[in-house]
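These notes are about the structure you will find just below.
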Amino acid sequence: MAEAFPIPPLSRGPPSPRKRCRLLRESEDNEGDMEIEHYVHRTDPFRSISFPNPDPTALNVTTMTAEEDPTQHLHRDISNTLDQYGLPAESLFHMLNATISGASFPLLRVVVAGDHSALVPLGSIKSDLTTLLDNHTLSQIQVEVINGDHFYIPTLFPIHSTAELAIAFHHLKDEIVRLLDETLGTKWQLVCPFNVGRDSRSARPALVVGVLPSTNANWYQLQAHLTHRLTSHIPPVFTDIEFLPGKLSLLGEGDPVSFKDRVKGPGDIQMGYSIGIRGHSNAGTLGGFVEVTYDGETHRGLLTNYHFVRPSPPYAHLDTINRKGISPLSSVPFQGAMTVESLARMDRDYTLTDLDDQLHALETQKARVVDFIRQRQLIGKAPRASSQQQLEAVETWERTLIATRPVIQAMPHVLGDVHSASGLLVHRRRVIDWAFVELTPEAEERFFRANRMPEVPRNQMPRSGRSGPPPALVPAGTRLDEFSSL
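The sequence shown begins at 1 in the UniProt record's numbering and counts up by one.
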C-alpha cells in the first residue's frame, strides 16, 4: 500500500535554515506555557540576546558615535573573541544606543554573514561577549548576535487561492477557529494563510495566527494540534505555522506618523500625505490630485478611500451609503458633511512632538561635541576634523528642523468636502474602495498640481533576488498623469 505522503530521503548535510526553524518548533524543549514573544525568540536559531524583552519589532536603535562608545578599548578583545569562532569575513560588530519597553541601554550588536554563516553558534558568542563585558565592569552593555543572512522580521505576502494550504484552510477554517477560541479566547486576532518570508521571492506558505502581545499559551501544543488538522488534507511540508505578536486596528486607526522629513514648505501638500476629517481624530492617505468629469462638468479634487470618509455608527444612513455609495444625486444628505484637511491632525501633532524631541536631542549632541572640542583645545591640541564635521552636520540639520516647525504648526489646511464615493462595492470579485474630495477654490489654487513620484527611502525600495533582474521603479520626480475611470 502506498504511503499517503512520500518519506523524504535522509539528510546528507546540515539542515536548511527553514528546516532548523521547524525542528525548534517541534522540539519538546519549547513545550509549556510562555509568552508569545519568548516562544518566537526560542524557536528562531538566527538571533541570540542578553536582554529580557526578545521582541525585535519593539527594539529601537540609533548609531553611537566613536566618542560615546564605552568599548573602544576592548575592540581588539572583541575581535579576538569573534575570531575564535571563525566568523566569515563579511561579519561585523558595532555599538548602538537601544531602547525597548521604555528601557534604554548601550547595545553591542554582532552581525554574522557570509559563507556557512548558518553554522555559527550565536548563543556561545553572546555568552562569551557578555562575560568579557562583565569582566571589564561593563555589565550595563547588552549583547545581540544575529545572522544577517537568515534573520528577518516576517513579512506577509498574498497566497494564491489555488495553493494547497489555502484550499486546506478553506475546508478546515471553522474547526481551526474553534480550536483558537478554546485555546486563546479573545487573545487571537487573525488566522489566514500567507506566503511568509523576508521578500516575495523567498516567501513560503504558512498559516499565520496573529495574537495580542504578551499572550501566554502552550504554543508547542497549539502548533501540534493545528499541524495535525492540516496534514489530514496536505503534505506536512506545506504545514508551517507562524505565531506572530501584534495588534490589528481598523483602517485609519493606526499610530500617528511624523512628516518632519517630508514637508518641504508652506504650499507642500502632495500625493502620499495624510488627510483627516475635520473635527475627528482619524487619518487617511491623499491618493493623488485628479480632475473628474461628472455630468458634463469637470471637478478638481483628490482621491482617497471610502473607508476613510465613511461615517461611524450610529450614523442613521450608514447602511444606505454602504450599499449605494455617495454622489450628488444621493438621497442621503451627505455632501458637505465631511470636510477634509491635511495633514491629519493626529499626524500634525505627532510631527510637532517629533520635531521638538529631535531638536532637543540635537542640542544635547551639539553640546557634547562642543565640549569635546573645548577639552582638546584646553590641553593644546587642535580639534579633530571629524568633530568639526559632526558639529557642522548637527547645526545644518538643526537649521532645517527649525525652519520646518512653523510650516507644520500652520497645519492642518482645509482641502475640501467629500463629493462622491464607492460605498462597500464588490465588482467582478474585486473590492472597489474610493472617495473623491472636491477642493475648495482656495485649496485648488494653492495645492492642485501634477502628481509626481516621491522619493523612496533605500530601506523601503523593492528588492529582487541575487540572480533576478533589478526591480522596475518609476524614478523620483516622474510625472504621474492618468488614472482610469471610476
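In this text, a Cβ means the ideal position worked out from N, Cα and C, and glycines have one as well.
Beta strand (DSSP E) containing residue i: first to last residue?
| i | result |
| --- | --- |
| Arg201 | Neither: Arg201 is in no beta strand (DSSP E) and is coded neither H nor E. |
| Val257 | Careful: Val257 lies outside any beta strand (DSSP E) and carries neither H nor E. |
| Tyr273 | It is not in any beta strand (DSSP E) - Tyr273 carries neither H nor E in the DSSP assignment. |
| Met95 | Leu92 to Ile100 |
| Pro245 | Ile241 to Pro245 |
| Ile234 | Looking at the DSSP string, Ile234 is not in any beta strand (DSSP E), and its letter there is neither H nor E. |
| Phe289 | Phe289 to Tyr294 |
| Leu108 | Ala103 to Val112 |
| Ser420 | His413 to Ala421 |
| Arg446 | Unbroken run through Arg446 is the alpha helix (DSSP H), Pro441 to Phe447; no beta strand (DSSP E). |
| Leu425 | Leu425 to His427 |
| Val431 | Arg430 to Ile432 |
Nearest to residue i by CA position, among the options, is which residue?
| i | options | result |
| --- | --- | --- |
| Ala217 | Arg376, Asp261, Asn30 and Ile277 | Asn30 |
| Leu244 | Ile326, Gly423 and His41 | His41 |
| Met95 | Ala103, Val111, Ala410 and Asp128 | Val111 |
| Gln358 | Ser387, Glu398, Met346 and Ala382 | Glu398 |
| Glu445 | Ile432, Ala393, Leu378 and Gly267 | Gly267 |
| Ile141 | Leu129, Asp354, Asp149 and Ser117 | Leu129 |
| Gly287 | Pro475, Ile78, Ala435 and Ala367 | Ala435 |
| Asp149 | Val191, Phe105 and Arg18 | Arg18 |
| Ile63 | Phe46, Pro106 and Glu90 | Position check: residue 63 holds Thr in this sequence, whereas Ile was assumed. Of the candidates Phe46, Pro106 and Glu90, the one whose C-alpha sits nearest the C-alpha of Thr63 is Pro106. |
| Tyr273 | Tyr220, Tyr294, Gln377 and Arg348 | Arg348 |
| Gly197 | Leu122, Ser101 and Cys21 | Cys21 |
| Leu230 | Ala166, Gly210 and Phe259 | Ala166 |
| Leu24 | Val426, Thr57 and Thr43 | Thr43 |
| Met453 | Thr162, Leu480 and Arg428 | Leu480 |
| His38 | Pro412, Leu401 and Trp219 | Trp219 |
| Gly279 | Ser232, Val414 and Thr239 | Val414 |
| Lys247 | Cys192, Pro213 and Lys260 | Pro213 |
| Gln189 | Asn451, Thr215, Thr162 and Arg310 | Thr215 |
| Thr131 | Asn97, Ala118, Ser104 and Asp77 | Asp77 |
| Pro70 | Arg300, Leu108, Arg323 and Pro311 | Leu108 |
| Gly265 | Leu329, Ala403, Phe448 and Val426 | Ala403 |
| residue 489 | Phe289, Leu439 and Ser27 | Residue 489 lies beyond the range of the chain shown here (1 to 486); nothing can be said about it. |
| His116 | Ser124, Ile100 and Leu87 | Leu87 |
| Met271 | Ile36, Glu26, Gly32 and Thr478 | Thr478 |
| Ser281 | Asp295, Gly296, Pro311 and Glu297 | Pro311 |
| Phe194 | Pro205, Ala66 and Thr186 | Pro205 |
Please report the residue range of the alpha helix (DSSP H) in which residue i lies.
| i | result |
| --- | --- |
| Ile78 | His75 to Asp83 |
| Val394 | Ala385 to Gln409 |
| Leu122 | Leu122 to Asn135 |
Using beta-carbon positions only, say whether residue i and residue j come within less than 8 Å of one another.
| i | j | result |
| --- | --- | --- |
| Leu138 | Val208 | no |
| Val257 | Tyr350 | yes |
| Ile146 | Phe51 | no |
| Ile269 | Ser342 | yes |
| Leu355 | Arg405 | yes |
| Leu302 | Leu226 | no |
| Val211 | Leu184 | yes |
| Glu164 | Phe238 | yes |
| Ala113 | Ser79 | no |
| Gly375 | Val394 | A small fix is needed here, since residue 375 is Gln in this sequence, not Gly. The answer is no: Cβ separation not under 8 Å. |
| Thr57 | Ile153 | yes |
| Pro54 | Tyr85 | no |
| Asp433 | His307 | yes |
| Val61 | Ala103 | no |
| Lys260 | Leu401 | yes |
| Ile100 | Ala168 | no |
| Gly296 | Leu425 | no |
Assuming residue i and residue j are in contact, meaning their beta carbons sit under 8 Å apart, how far apart are those beta carbons, in whole angstroms?
| i | j | result |
| --- | --- | --- |
| Gly276 | Met346 | 7 Å |
| Ala344 | Ala283 | 4 Å |
| Ser48 | Lys126 | 4 Å |
| Gly416 | Val437 | 5 Å |
| Ile408 | Leu352 | 6 Å |
| Leu82 | His136 | About 16 Å separates the two Cβ atoms, so there is no contact after all. |
| Val418 | Val340 | 7 Å |
| Val370 | Gln390 | Val370 to Gln390, Cβ: 10 Å. No contact. |
| Thr304 | Thr285 | 6 Å |
| Ser387 | Phe372 | 6 Å |
Is residue i close to chain B, meaning its C-beta is less than 8 Å from at least one C-beta of that chain?
| i | result |
| --- | --- |
| Asp261 | Annotation note: the requested chain B is absent from the structure, which comprises a single protein chain. |
Segments assigned alpha helix (DSSP H), at least 4 residues, entirely inside the stretch 141 to 205
Runs found: 164 to 184.
What are the complete beta strand (DSSP E) segments, minimum 3 residues, inside the stretch 19 to 89?
As far as the stretch 19 to 89 is concerned, its whole beta strand (DSSP E) runs of at least 3 residues are 47 to 49 and 60 to 63.
Inside the stretch 301 to 381 only - beta strand (DSSP E) runs reaching at least 3 residues:
With a minimum length of 3 residues, the continuous beta strand (DSSP E) runs that stay inside the stretch 301 to 381 are 339 to 342.
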